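Shown next, in structure tokens, is the structure this report addresses.
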Amino acid sequence: MKFVSFREEHTSMYKVVPPTVNLRDLEHEVLALWQAEGTFAASMAQSQGRPTWTFYEGPPTANGAPGTHHIEARAFKDIFPRYRTMKGYHVVRQAGWDCHGLPVELAVEKELGFSGKKDIENYGVAEFNAKCRESVVRHVDAFTELTTRMGYWVDMDRAYWTMDSNYIQSVWWSLKQIFNAGLLVQDHRVSPYCPRCGTGLSDHELAQGYEDVSDPSVYVRFPVKVGALAEKYSDLSLLVWTTTPWTLVSNTAVAVKPTATYCVLESADQHYIVAQDLIENLFGSPIDEDGSIRYQVKETFPGTQLEHMAYKRPFDLIDIPDSHFVILADYVTTGDGTGLVHQAPAFGADDLISCRAYGLPVVNPIAPDGTFLPEIPLVGGQFFKKADAALTDDLRERGLLFREESYEHSYPHCWRCHTPLIYYAQPSWYIKTTAIKDRLMAENEKTHWHPDTIKWGRYGDWLTNNVDWALSRNRYWGTPLPIWRCENEHLTIVESLAELGELAGQEISDLDPHRPFIDDITIPCPHCDATAVRVPEVIDCWYDSGAMPFAAQWYPQHNKENFAAQYPADFVCEAIDQTRGWFYTLMAIGTLVFDESSYKNVVCLGHILDEDGRKMSKHLGNVLEPIPLMDQHGADAVRWFMLASGSPWQSRRVGHTAIADIVRKNLLTYWNTVSFLSLYARSAPWSPADGAPPVNERPIMDRWLLTQAHSLSAQVDNALENFDTQLGGRLITEFIDDLSNWYVRRTRRRFWEGEPAALATLHEALKIVTLCMAPYTPFITERVWQDLFRETQPDLPNSVHLADWPSESQPDSQLQSDMELARRVTELGRSARATSSVKTRQPLGRALISAPGWSELSAELVAEVAEELNVRELLTLDVSDSDLVSISLKPNFRTLGARFGKQTPLIAEHISRQDPTELVSALRDIGKVDYEIDGVDGTSTIELSDLVITETPVEGWAVAADAGESFALDLEITHELALAGMARDIVRSLQEGRKNAGLEISDRINVTWSSDNPDVVETLSFHGGEISNEVLALSLTKVPEVITGFTVFGTESEIDANFGIEKA
RNA sequence: GGGCCCAUAGCUCAGCUUGGUUAGAGCGCUUCCCUGAUAAGGAAGAGGUCGAUGGUUCAAGUCCAUCUGGGCCCA
0 MKFVSFREEH TSMYKVVPPT VNLRDLEHEV LALWQAEGTF AASMAQSQGR PTWTFYEGPP
60 TANGAPGTHH IEARAFKDIF PRYRTMKGYH VVRQAGWDCH GLPVELAVEK ELGFSGKKDI
120 ENYGVAEFNA KCRESVVRHV DAFTELTTRM GYWVDMDRAY WTMDSNYIQS VWWSLKQIFN
180 AGLLVQDHRV SPYCPRCGTG LSDHELAQGY EDVSDPSVYV RFPVKVGALA EKYSDLSLLV
240 WTTTPWTLVS NTAVAVKPTA TYCVLESADQ HYIVAQDLIE NLFGSPIDED GSIRYQVKET
300 FPGTQLEHMA YKRPFDLIDI PDSHFVILAD YVTTGDGTGL VHQAPAFGAD DLISCRAYGL
360 PVVNPIAPDG TFLPEIPLVG GQFFKKADAA LTDDLRERGL LFREESYEHS YPHCWRCHTP
420 LIYYAQPSWY IKTTAIKDRL MAENEKTHWH PDTIKWGRYG DWLTNNVDWA LSRNRYWGTP
480 LPIWRCENEH LTIVESLAEL GELAGQEISD LDPHRPFIDD ITIPCPHCDA TAVRVPEVID
540 CWYDSGAMPF AAQWYPQHNK ENFAAQYPAD FVCEAIDQTR GWFYTLMAIG TLVFDESSYK
600 NVVCLGHILD EDGRKMSKHL GNVLEPIPLM DQHGADAVRW FMLASGSPWQ SRRVGHTAIA
660 DIVRKNLLTY WNTVSFLSLY ARSAPWSPAD GAPPVNERPI MDRWLLTQAH SLSAQVDNAL
720 ENFDTQLGGR LITEFIDDLS NWYVRRTRRR FWEGEPAALA TLHEALKIVT LCMAPYTPFI
780 TERVWQDLFR ETQPDLPNSV HLADWPSESQ PDSQLQSDME LARRVTELGR SARATSSVKT
840 RQPLGRALIS APGWSELSAE LVAEVAEELN VRELLTLDVS DSDLVSISLK PNFRTLGARF
900 GKQTPLIAEH ISRQDPTELV SALRDIGKVD YEIDGVDGTS TIELSDLVIT ETPVEGWAVA
960 ADAGESFALD LEITHELALA GMARDIVRSL QEGRKNAGLE ISDRINVTWS SDNPDVVETL
1020 SFHGGEISNE VLALSLTKVP EVITGFTVFG TESEIDANFG IEKA
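And the structure:
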């Protein structure tokens, strides 16, 4: 495609906008422009002093390369700050990087080929942590590149790093607040632990290592020792099921469900206590095949009645004082097993919680290497899983084994060495979040969730079942827990290096607060004369990120005022997996430290899947690399996909076709409209400074387009205010379609003529839609702003991203609904044309239209429809002219149903039996008709609105009808119409000839023609002026035979003539 | 094993809050039309038991229950 060239005196202030565009190149040019002009900084400076709208960036963990899913969250994190900035707010956007934690350590261990803590200790903690730090910096670079490339405006120069000394000290300060409130304590916790590697594992690792195994499944009798039931029934036992016989050594209690029904059952002279729901599973049918009674239920009672019932434990191998009775626990189910659950609190998280509620001790006979302690009889020194056989044998010999099976299930294994993991109680530091549960619930109540089902669904459930936060990790690369302990168990917590230095009597303000350096600092215990050393743990890195509202400001040592102005956030946004992650830690820490949640609005996104609906993973090889994806389609298109294709809250499939579609449908259509304006404004030439008639004096199409544009800005404003990017996107797409395929299509001719009203209208409409799109697609809109607006309207800002949201004005809803009607009628007209097989270029004389409201439409609007359909006259079909019209009726169930309820079908049937013409005439004359209908009480009154009427002309016309509106086309082609049709055919042929000859749109031509066809001769003589005008011909000359001009094209069979075109 | 979300055309998705008798859009497919911005546009057509079953209702894609399948989170 060639660019249009212009003579010097024809330049307007618009830049040349080529009709084709390479979005990738365009985006890189825009990035360079923003860089050169410091646009983001200008936007921040310009909004300084305005009301703040606060956004918190959830820091991505810098432990790997960013993926396409990061574009999703970042598109949302970008659009709302941009939108709010346009709405007059100052939106601080500080980037952040999550630096600590097991994911980083694991990545480094992998790089170094390590297989556990021993390797790290041998390598040296200082060296290892240095590698972690280096790995973080490396991965942050990749995130920075992604962030810049996609146009996510966030202040990366002032980014917070959770490994920064000031950040860590801020975290320490908050921990001290919590500690002082008595909510930070040391306790036991059960966590998955690899006995071979000697380390606990995170949930993330756990998920990678499930393997299917076959374990023993044993049912064991626990004899009941004392109490009323034990006296009443001989040999009474609790029947208990477990798949981990090795934990029976540590049996501490038996749990039952308080609300379930239990019973005493007699079978073969033995008595058992089991859940009633499970009797048949355990004992089979009550009646044997030969009719004898197998067992008998003696009595039933609720689980609560068993509480505190003492029993004889299965093994007396280790000492567990004050234990061995029945406790109540809600988590017990009666879906499998016996309904009585063996409790070993050292090896089960649920067990630990339930047993702790009864003050039971936690006794752990397993050494850190996974073997039973050597002094224990029977199993001492055995690996825990290997002990199952010996223990089961022993139970069998003592007659306590009721049944023995094997059980297939998935069990977590170490993903590195495939050793079965052990759930293992270890001392651990906790934040007692359960103590502030009510406050958390109250804060959640005030929070606006999008979608709101999360609030009391997934997230609310999580809060309701809140457990204390296990804060500590026995690891290396993390924020050290700032607690020093002396041999007398006195605890001292510090809030800063300054405080620590004072206590230690050393100047350490420049000390790296990480391990191992911090571990070397000892202090004299303030409570006694012993020396206190730091406890070895680091903290959960989720605490780091949850502390960012204040830690990012290095509060309270720095930025006290800033912090107050920016707490809590108006907006946070992450994917749904953060409900229990960052969304929780943010709210919990905010509530713990400031008694107020850290955010007011939260947008919770669904996950991104591949084209086949599978999760993207390196393992499956279906990962979409983000930068190549954006370079292929453009970041704007990818952003648009994330923001507006499908529900953001739902998991969505992302694929090339969907994104390519966005480019074609939205971005290129928009771009071409821009190119169109530039082309004709420059051709005219015209610039906004040249002026245009006031809007109310412009043609109806102009007034309509502008009212549509104003509606658009109001509706998109409303959608984004409610965090609904999908709706906003749909509205913009519809507008672009209206603009390109209705307004420009209908108005094209006025642009050829360089009409200021049309140019000014399109200019203004493009400005509004450009502003509305700017937060979605910051690149293409910026380029358009530079090309169409920056030069032509010097009073406007230098960047679309420095502009305000378009001001609102009252839309003309009458005009909008009139246009909708006109467009519906146009559609019917096109349909009628298509069925008639008379081509659109052939003018027709008249059409009859029946549609409510049609007769009230302005002549100007009717003329638009007539021209679009190439029909001379559009008449209203007169219903009273019953020779021409046939009427069909359908009952309107919506209005009838509301009035008649159950009797609706009777009324509807009655209506459809009436003569349609008579009924409609009567209703139009009188307004209502009364019927007496069988089965319906009293008189039934029918009104016009109770009917859906379709009026169609009788035979001989080409008809299209839909939903009560119809269009009938008179197909008679008079000689005069035929000539007019031929004239248009000739124009089209000549235009094509011009195009083939490569002429510019403004080139003038001379045309020669020859033909023996009398119709052609008549057409050219009758319509010659019109034709010349259309094709910019200075002359239209008949010649005996065609002279070879600039170009010659072949004979059109229908026209039967030869033409020659020559550039004038 | 528990909780939450989802299921609509060959594909990607609207519609469900507030029930109304012809369930839409885009892509793809077939035929035709139109084309001095457009990688466009228009018309017609093929393509749907709205996951299944039951219920509520005069009326269910829409409300309720159960089930099946998929996803996520947690064990």
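Under numbering that gives the first Met the number 0, the first residue of the first sequence carries the number 0, and numbering increases by one thereafter.
Don't be surprised by glycine CBs; every beta carbon is placed ideally from N, CA and C.
None of the values given here were measured: they were computed from a predicted structure.
{"Query": "Ile319 beta carbon less than 9 Å from that of Ser249", "Result": "yes"}
{"Query": "Classification of Ala813 by the beta-carbon crowding that lies within 10 angstroms, buried from 16 upward", "Result": "Position check: residue 813 holds Gln in this sequence, whereas Ala was assumed. Exposed."}
{"Query": "Close beta carbons around Lys1062, own chain, < 7 Å, minus the five adjacent residues each side", "Result": "Leu998, Asp1002, Ile1004 and Phe1045"}
{"Query": "Proximal residues to Gly580 (C-beta, below 7 Å), its chain only, five neighbours per side dropped", "Result": "Trp541"}
{"Query": "For His800, three-class secondary structure by DSSP", "Result": "helix"}
{"Query": "Whole-angstrom C-beta distance between Arg81 and Ala424, which should lie under 8 Å", "Result": "About 50 Å; that fails the 8 Å criterion."}
{"Query": "Boundaries (first-last residue) of the alpha helix (DSSP H) holding Ala328", "Result": "Looking at the DSSP string, Ala328 is not in any alpha helix (DSSP H), and its letter there is neither H nor E."}
{"Query": "The region 546–556 contacting the region 429–440, beta-carbon criterion three pairs below 8 Å", "Result": "no"}
{"Query": "Within the region 962–1038, ranges of the alpha helix (DSSP H) (whole runs, at least 4 residues)", "Result": "974–995, 1013–1021 and 1023–1030"}
{"Query": "Contacts around Thr521, its chain only, beta-carbon distance under 6 Å, and the 5 residues preceding and following it disregarded", "Result": "Thr530 and Val532"}
{"Query": "Buried versus exposed, by CB contacts within 10 Å (16 or more), Leu372", "Result": "exposed"}
{"Query": "DSSP-derived helix/strand/coil call for Phe593", "Result": "helix"}
{"Query": "Endpoints, beta strand (DSSP E) assigned at Met772", "Result": "Segment Pro755 to Met772 is the alpha helix (DSSP H) holding Met772; no beta strand (DSSP E) there."}
{"Query": "Range of the contiguous alpha helix (DSSP H) that encloses Gln813", "Result": "Ser812 to Ser835"}
{"Query": "Beta-bridge partners of Trp483, as assigned by DSSP", "Result": "Thr491 and Arg533"}
{"Query": "Burial state of Pro191 (16 or more Cβ within 10 Å)", "Result": "buried"}
{"Query": "Cβ contact (3+ pairs, closer than 8 Å) linking the region 899–911 and the region 853–860", "Result": "no"}
{"Query": "Burial state of Leu480 (16 or more Cβ within 10 Å)", "Result": "buried"}
{"Query": "Inter-stretch contact at 8 Å, needing at least 3 Cβ pairs: the region 588–606 / the region 67–85", "Result": "yes"}
{"Query": "Proximity winner among Ser887, Ile886, Ser885 and Ile910, relative to Leu895 (alpha-carbon distances)", "Result": "Ile910"}
{"Query": "Among Ser544, Tyr357, Glu265 and Ile286, the one whose alpha carbon lies nearest that of Gly57", "Result": "Ser544"}
{"Query": "Buried or exposed (CB count within 10 angstroms, at least 16 for buried), Leu1033", "Result": "exposed"}
{"Query": "Separation of Asn600 from His447, as counted between CA atoms", "Result": "5 Å"}
{"Query": "Beta strand (DSSP E) segment containing Ile421, residue limits", "Result": "Ile421 to Ile430"}
{"Query": "Whether Trp670 touches Val20 by CB criterion (9 Å)", "Result": "yes"}
{"Query": "Backbone CA spacing between Ala343 and Asp576 [nearest angstrom]", "Result": "31 Å"}
{"Query": "Coil, strand or helix - Gly728 by DSSP", "Result": "helix"}
{"Query": "Assigned secondary structure, Trp33 (DSSP; H/G/I helix, E/B strand, else coil)", "Result": "helix"}
{"Query": "Assigned exposure category for Thr258 - 16 Cβ within 10 Å defines buried", "Result": "exposed"}
{"Query": "Distance, Phe75 Cα to Ile848 Cα", "Result": "48 Å"}
{"Query": "Secondary structure, alpha helix (DSSP H): runs of 4+ residues fully inside the region 548–576", "Result": "559–564"}
{"Query": "Between the CA atoms of Arg652 and Gly645 - distance to the nearest angstrom", "Result": "9 Å"}
{"Query": "Whether Val275 touches Thr299 by CB criterion (9 Å)", "Result": "This sequence places Gln at residue 275; Val is not what is there. For Gln275 and Thr299, yes; Cβs fall inside 9 Å."}
{"Query": "Complete runs of the beta strand (DSSP E) confined to the region 291–367 [at least 3 residues]", "Result": "294–301, 325–327 and 339–342"}
{"Query": "Beta-carbon proximity of Phe54 to Asp460, cut-off 9 Å", "Result": "no"}
{"Query": "Span separating the alpha-carbon of Asp289 from that of Tyr232", "Result": "27 Å"}
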